[in-house]
Amino acid sequence: MGIEIERKFLVNKTKWQQLEKPAGEFYRQGYLLTDPNKTIRVRQTSDKGFLTIKGISVGATRAEYEYEIAVGEAKELLDQFSVAELSKIRFKISVGGHVWEVDEFLGNNAGLLVAEIELTSEDETFTLPDWIDSEVTGDEKYYNSNLVNDPYKDWQS
45 MGIEIERKFL VNKTKWQQLE KPAGEFYRQG YLLTDPNKTI RVRQTSDKGF
95 LTIKGISVGA TRAEYEYEIA VGEAKELLDQ FSVAELSKIR FKISVGGHVW
145 EVDEFLGNNA GLLVAEIELT SEDETFTLPD WIDSEVTGDE KYYNSNLVND
195 PYKDWQS
């Protein structure tokens, strides 16, 4: 079984703006299914497409199956079958031997910055960058599959 162990954190906006970072990549992401127990996602970047199936999260762990598909097929699936979608710019930053993926959300989720780190076990140690604010791993409102239906603009403080 494919397994994903991922922890999520909010990013300090002021420190993020001051940080030297690599160029980000635009992601268009839509959902064919957004059930609380499972999601089916299509993602399109400038040159690739992905079909991803994810199970329910237990702690920081969940089943995940991801398949690369042609970018044209990803666009067609998004255009014809997506029930909800979002867009974001993703930045990949190496810190202490791990790659942090920082998503700067666009559209109805503009202003939200979420960093994710994938681990090999839930108790794996890692370096927490100084631009991290707080952990939101178990907070379902930060799941991308929930942000498509309940966007950040509707509940931010």
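The numbering of the sequence shown is our numbering, which starts it at 45 and goes up by one.
For every residue, glycine included, the Cβ atom is placed at its ideal position computed from N, Cα and C.
Keep in mind the model is a prediction, meaning the values are calculated, not measured.
Of Glu-148, Ala-154, Asn-81, the smallest CA-CA separation from Glu-184 is found for Asn-81. Fewer than three pairs of CB atoms, one per stretch, sit closer than 8 Å, so the stretch 85-104 makes no contact with the stretch 140-157. Closest by C-alpha distance to Ser-201, out of Leu-156, Leu-95, Glu-160, Glu-166, is Leu-156. The beta carbon of Pro-66 is closer than 8 Å to those of Phe-135, Lys-136, Ile-137 in its chain, skipping five residues each way along the sequence.
Rounded to the nearest angstrom, the Cβ distance from Ser-126 to Tyr-75 is 6 Å, consistent with a contact under 8 Å. Straight across, the Cα-Cα distance linking Gln-124 with Arg-85 is about 13 Å. Taking C-beta separations shorter than 8 Å and ignoring five residues to either side along the sequence, the partners of Trp-199 in its chain run Lys-185, following chain order.
For Val-139, the closest C-alpha among the options Ser-165, Trp-175, Ile-133, Lys-132 is that of Trp-175.
About 5 Å separates the Cβ atoms of Glu-160 and Lys-52, confirming a contact at the 8 Å cut-off.
At least 8 Å separates the beta-carbon of Thr-96 from that of Glu-112.
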